[in-house]
Amino acid sequence: MTQLADHYRAYIACLNDQRWDDLETFVASDVTHNGRRFGLDGYRSMLINDFETIPDLSFKIGLLACDPPFIAARLEFDCAPKSMFLGLPINGRRISFAENVFYEFRHLQIVSVWSVIDKTAIEAQLGL
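For the sequence shown, the positions run 458 to 585 when this note's numbering is used.
This is how it looks when you write it as structure tokens:
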């Protein structure tokens with residue numbers, strides 16, 4: 458259990474360091490995201506786009522539960538997206554929100570990801 462949790466923490470460090478060439482260490486070539494087959498290249502492209510849209514993006518683990526081969530995490534964010542984010546006009550304003558995400562691992566590689574971002578918390582900060 459500890460090995461998988463430590464491996465997950467290393468994955469989060471890889472994301473925060475934007476070490477895209479190392480992503481294949483953590484993510485399977487046939488990874489799915491919210492039921493859609495992304496594959497490693499699509500998953501990498503999604504993450505690169507996230508960092509382009511949110512230049513100060515940083516993943517912080519708020520909660521972590523590990524029951525191999527699954528991990529559940531609550532990721533916390535405090536950032537300033539450049540323009541639109543989740544269809545909302547952020548335009549450089551600082552927002553805080555969480556993402557609740559579940560991962561399935563196979564041979565220490567992520568094969569499935571299910572995630573939900575707390576859009577309601579963002580809307581409240583924007584006064585919507």
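Every residue gets a Cβ at the ideal spot worked out from N, C-alpha and C, and that includes glycine. Predicted model, so just to flag it, every value in this text is computed and none were measured.
Straight-line gap, residue i to residue j (C-alpha atoms, nearest Å)
i	j	result
N473	F516	6 Å
S502	E556	19 Å
V558	H490	10 Å
E580	V568	31 Å
L583	G544	12 Å
L619	G549	Summary: the structure shown does not reach residue 619, with the chain confined to residues 458 through 585, and so no result is reported for it.
E481	Y560	15 Å
D487	D498	9 Å
G496	V570	12 Å
L585	I552	13 Å
Beta-bridge pairing of residue i - partner residues as DSSP gives them
i	result
C523	I528
L545	F542
E599	For residue 599 there is no data in the structure shown, the boundaries of the chain being 458 and 585.
Delimiting residues of the alpha helix (DSSP H) encompassing residue i
i	result
N473	T459 to N473
S553	It is not in any alpha helix (DSSP H) - S553 instead sits in the beta strand (DSSP E) that spans I552 to R563.
F508	G496 to T510
Same chain only: Cβ atoms within 8 Å of residue i, ignoring 5 sequence neighbours per side
i	result
L461	C523, P525, P526, I528, F562 and L565
D479	C471
Residues near residue i in its chain [Cβ-Cβ closer than 7 Å; skip 5 each side]
i	result
T510	P538, K539 and F542
F483	Y468, C471, Q566 and I567
A530	I518, L520, L521 and V558
I574	L543, F554 and E556
Own chain residues within Cβ distance below 6 Å of residue i, not counting five before or after
i	result
I547	P538
Y465	I528
C536	I511, D513 and L514
Endpoints, the beta strand (DSSP E) within which residue i is located
i	result
D487	V484 to H490
I574	Q566 to I574
Expected contact under 8 Å - CB spacing of residue i and residue j to nearest Å
i	j	result
F534	F554	6 Å
The ligand FAD heavy atom lying under 8 Å from the CB of residue i
i	result
F527	No copy of the ligand FAD appears in this structure; indeed no ligand is present at all.
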